[in-house]
Amino acid sequence: NKFNREEITGRIIFIGGELDIQNRFSKGAFATDTLKDYYFDISFVSCTAISFDAVSSYSLDECSYSKQLIERSSTSVLIAESNKICKNSICRFAKISDFDTIITDDKNPIFMPRQYLPVAHGGICDEGYGGEGGAFPPV
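Each residue of the sequence shown is one higher than the last, beginning at 1 in the numbering used here.
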C-alpha cells in the first residue's frame, strides 16, 4: 500500500465534488469552484485529444476543471499518450502553448512547448511521427 502514513511526507488536499471512478478524478461544479480558492506550484493535466491549436476532452466537466487548474498553476504539465495527437474532441480547454512541459510516450513528439511550437515540424502530422517515451523540459 503506497499510502502508508510513513510514506507521505506532505499534505494531501482532496478537492471534492463528484468522484468519477472510471476516470479517477473529481468533477462537477463543486470541484471546479473549489479550485478557485487555491494556488498550485505545478499541475499535471491529461486530455482526450491534441491538435495543432487545441487540447481537448470529451468530458465537459473535465474541460472546466482542467481549464481552472491551468489558470491557478505556476507550472502546467500536459501528459498525453501519442495516440491522442492529431485528434480533436468535443471541448477545447487549452492551447499547447498554455503548457510549460509536455510528457508523452513518444521521444519525438510533433508538438513542442511555447517558443518551439511554430517550428516543431513542417506540419502537424508529419510522416515520420512515432517513437518511444519522452518529455520536453520547461522553457
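Quick reminder that beta carbons are idealized off the backbone N, C-alpha and C, glycines included. Bear in mind that the values here come from a model prediction, so they are computed numbers and not experimental data.
* **K95, buried or exposed, once every other Cβ within 10 Å from all chains shown has been counted against 16** => With fewer than 16 other Cβ atoms within 10 Å, it is exposed.
* In whole angstroms, what is the alpha-carbon distance linking S82 and V45? -> 15 Å
* **Close beta carbons around K67, own chain, < 6 Å, minus the five adjacent residues each side** => The residues are F93.
* Asked: Is the beta carbon of I103 less than 8 Å from the beta carbon of V77?
  -> yes
* For D53, which of E18, Y65, S89 has the nearest alpha-carbon? -> If you compare the alpha carbons of E18, Y65, S89 with that of D53, the shortest gap goes to S89.
* Among V55, C86, L19, T9, the one whose alpha carbon lies nearest that of F30 -> Among V55, C86, L19, T9, the Cα nearest to that of F30 belongs to L19.
* Are the beta-carbon atoms of S43 and S73 separated by less than 8 Å? -> yes
* To do: Report yes if the CB atom of I70 is closer than 8 Å to the CB atom of D98, and no otherwise.
  => yes
* Proximity of S59 and C47 at Cβ, strictly below 8 Å -> No. Outside cutoff.
* Asked: In the DSSP assignment, what are the bridge partners of F44?
  -> V77
* To do: Indicate the three-state DSSP secondary structure (helix, strand or coil) for C86 in the structure shown.
  => coil
* Asked: In chain order, what residues of the same chain have a beta carbon less than 6 Å from the beta carbon of T32, not counting five sequence neighbours either side?
  -> S64, Y65, Q68
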